[in-house]
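Count the sequence shown with our numbering and you get residues 2 to 134, in order. Ideal Cβ placement from N, Cα and C applies to all residues, glycine included.
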Amino acid sequence: LAAAAGYRLRVLSPDEATLQNCAGAATRLHSATALPDLPLDPWTAFVTLFHDREWETPLLKAALGSEAFFVGSVGSRRTHELRVESLSASGVAPHVLEKLRAPIGLIPSTRDPSSLALSVLADIVAAWPCEGM
2 LAAAAGYRLR VLSPDEATLQ NCAGAATRLH SATALPDLPL DPWTAFVTLF
52 HDREWETPLL KAALGSEAFF VGSVGSRRTH ELRVESLSAS GVAPHVLEKL
102 RAPIGLIPST RDPSSLALSV LADIVAAWPC EGM
């Protein structure tokens, strides 16, 4: 959906099936402690879809320390509370955590992949800082 709208997409995953589905736009994650270079500039939106905080915490920590205009994660409010606890324990300052948007998506609690993709993309587009870009 993002590619169809003309956005460049990069998928980071340790999952072989996900990597195959995103051929050409995918980078394998080998270790949560050895992350690839994440060139996150002011035109970048960064979204996590992980259920595993072992992967999510270091990726979000890197994204929150970047210039990305949008950093967000899917999941319930309870999941977000646990995510914030994990990020805080890893040294992310409270004022930096304010940049994290969660749960993301304009359609509340959607679960099917198509609706979730549309919901998250709409949230990103709505957050785009039009002035000065």
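- Of the listed residues Pro40, Val126 and Ser110, nearest to Arg78 (C-alpha basis): Ser110
- Item | Range of the contiguous alpha helix (DSSP H) that encloses Ser115 | Pro114 to Ala128
- Query: Using CA coordinates, which residue listed in Ala6, Leu65, Thr49 and Pro40 is at the minimum distance from Pro15?
  - Reply: Thr49
- Query: Pick from Leu88, Leu39, Glu82 and Ala94: whose alpha carbon is nearest that of Ala69?
  - Reply: Nearest option by C-alpha distance: Leu39.
- Closest residue to Ala123 among Lys100, Leu36, Arg112 and Ile105 (Cα-Cα distance): Ile105
- Query: What is the DSSP secondary structure of Leu2, reduced to helix, strand or coil?
  - Reply: coil
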